[in-house]
Amino acid sequence: MVRTCGGFMLMLLLAGCQSASTSNVMYAPDESPGRAALTESLFRSDQEVMTNESIERILDSTVVLPAHSRIVVLRFGETQPRYYWWWSSPEAARLEQGTLDGLLDELRKSPRVGSAMLLPSMLAPPSHSIPHLRQAAARCQADLVLLYRTSHYTYEKQRAFAADQVRAYCVVESVLLDVRTGVIPFTSTAVRDYTAEKTGKDINFAETVQLAQINAQAEALKKISTETVAFLGDVPASPEAAGNH
């Protein structure tokens, strides 16, 4: 009899645990009648930045770009001349210039690109906010701004009986800004690495590291430009803007 009661109590305990576990499920669908679906923000602070009507109109619209866009390229955070690094290596300056030329050349391969150029540093806004970028691009009569940011990481190996070695990683993030609408229709991220050993041509190992960083950056920017060109080939063209170019 004791065993029977004990088994019965155990069954009740297990049933209670099972009932509790099912009744405490979070995020269960609310089937209460009469509750309407929430389709816009009701927070007043959100609408002080942008109204619900504007957000809905942006999300419901189709991005169209000129058939032959003018593009200006700007590195995020750059507000001074491009060659301001402390090194004096001609090889580093030549390699950096070649990297930027390669980026522009890749963009110009697209039939949707009428022209591509670097935004002069003297025109770069002190604040790289969307309104300031649009204003700077408009002064250059550019339809698009390709804004990119680079981050570098290096792993150095100094060896006693062999040349010192470095592996540099570069992460490039980019956004494509439509100057007319302020919309960003395309973003891209690329990660590339480059391994180099110190040679007799390098002034010191610091230059070896910097050259490896630039080479990794060149590969990452190549991926960014290739993906940007592919996007431009797929986006609808604006007949109105096409007639202005």
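Start counting the sequence shown at -8; every next residue gets the next number (the working numbering).
Built from N, CA and C at the ideal position, the CB exists for glycine as well.
No experiment lies behind these values; they were computed from the predicted model shown.
Residue burial classification, residue i (beta-carbon count within 10 angstroms, cutoff 16)
i: THR190; result: exposed
i: SER118; result: exposed
i: ARG48; result: exposed
i: SER179; result: buried
i: ASP193; result: buried
i: ARG26; result: exposed
i: ASN43; result: exposed
i: SER36; result: exposed
i: SER142; result: exposed
i: THR70; result: Reliability fails at THR70, whose pLDDT of 47 lies under 50, so the model's placement of it is uncertain and no value is given.
i: LEU223; result: buried
i: ALA129; result: exposed
i: LEU168; result: buried
For residue i, the three-state DSSP class (helix, strand or coil)
i: VAL40; result: helix
i: ALA197; result: helix
i: ILE46; result: helix
i: ILE175; result: coil
i: GLY89; result: helix
i: LEU212; result: helix
i: GLU97; result: helix
i: SER80; result: coil
i: LEU124; result: helix
i: ASP134; result: coil
i: ARG35; result: helix
i: LEU65; result: strand
i: HIS119; result: coil
DSSP beta-bridge partners of residue i
i: ALA228; result: LEU56
i: VAL220; result: Answer is none; VAL220 lacks a bridge partner.
i: CYS161; result: HIS143, ARG183
i: LYS148; result: GLN156
i: VAL104; result: SER60
i: ASP169; result: LEU135
i: LEU109; result: VAL64
Minimum Cβ-Cβ distance from residue i to chain C less than 7 Å
i: SER142; result: Chain labels in this structure do not include chain C; a single protein chain is all it has.
Top-ranked residue by Cα proximity to residue i, from the options
i: ARG183; options: ALA209, LEU167, PRO111, SER112; result: ALA209
i: ASP225; options: ASN206, ASP92, PRO176, HIS123; result: PRO176
i: VAL170; options: ALA127, ALA228, ALA154; result: ALA127
i: GLY93; options: LEU109, SER80, GLU82; result: LEU109
i: SER120; options: ILE62, GLY173, GLY89; result: GLY173
i: THR30; options: ILE46, VAL40, GLU39; result: ILE46
i: GLY89; options: SER229, LEU223, LEU202, SER165; result: LEU202
i: PHE67; options: PRO227, ALA115, PRO230; result: ALA115
i: THR186; options: ALA154, GLN38, VAL63; result: ALA154
i: LEU86; options: SER32, ASN206, ALA228; result: ASN206
i: ALA228; options: LEU65, SER52, VAL162, SER60; result: SER60
i: ALA159; options: GLU188, GLU82, LYS213; result: GLU188
*Should the segment 91 to 109 be regarded as contacting the segment 140 to 150, the criterion being three or more beta carbon pairs within less than 8 Å?*
Output reads no: the segment 140 to 150 does not touch the segment 91 to 109.
_Sufficient close CB pairs (3 or more, under 8 Å) joining the segment 192 to 206 to the segment 91 to 100_ = Result no; under three Cβ-Cβ pairs closer than 8 Å.
*asked:* With three or more beta-carbon pairs closer than 8 Å as the criterion, would you say the segment 54 to 63 touches the segment 126 to 143?
replied: Yes, they touch.
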